[in-house]
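Structure record follows, encoded as structure tokens.
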Amino acid sequence: MEEVIVVTTETIPGYRIVEVKGIARGGIVKAAHLGKDILAVFRNIKGGEVKEYTQMMAEAREEALRRMIMHAKELGANAVVCVRFATSNVGSGMAEVYAYGTAVVVEKE
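Below, the structure is given as structure tokens:
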């Protein structure tokens with residue numbers, strides 16, 4: 001199967017949706033490393049960007065997106081439209097990142 005097209009829009013220019021397969025989703029709960037968590041506490045006191053958490057969240061978004069794409073492929077889709085991310089705090093230094101969208105089959109116009 002070809003690569004999965006992933007967009008935040010309802011349509012994909014040059015393609016038409018021919019079938020809706022359902023909701024594609026992928027999630028991960030990511031925790032900061034204890035050492036990085038300690039560094040983050042010090043950065044919080046000083047102010048400014050907490051790079052350790054920025055990196056953690058970027059990695060979590062990429063993994064959630066990867067899992068959503070895998071789920072879309074399992075559903076038989078070659079594209080996911082209306083992609084969104086949701087995050088929630090599930091504990092100290094831990095966050096859940098969830099990617100979801102509508103898995104569809106598209107054809108070139």
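In full-length UniProt numbering, the protein residues as written are 1 to 109. Glycine included, each C-beta is placed from N, C-alpha and C at the ideal position. Since the structure is predicted, the reported quantities are computational estimates derived from the model, not experimental observations.
*Take Thr102 and list the residues in its own chain whose beta-carbon comes closer than 6 Å to its own, dropping the five residues that flank it on each side.*
Val81, Cys82
*Can you check DSSP and say which residues form a bridge with Met94?*
Per DSSP, the beta bridge partners of Met94 are Ala31, Gly91.
*Exposed or buried, Lys30, counting other C-beta atoms within 10 Å across all chains shown (16 or more means buried)?*
buried
*asked:* Residues in the same chain with beta-carbon distance under 7 Å from Arg16, minus the five sequence neighbours each way, listed in chain order, please.
replied: Val106, Glu107, Glu109
_Glu109, DSSP secondary structure in three states_ = coil
_Buried or exposed by the 16-neighbour rule on C-beta atoms within 10 Å, applied to Glu99_ = It is worth fixing the name first, because residue 99 is Ala in this sequence and not Glu. Flag for Ala99 reads buried.
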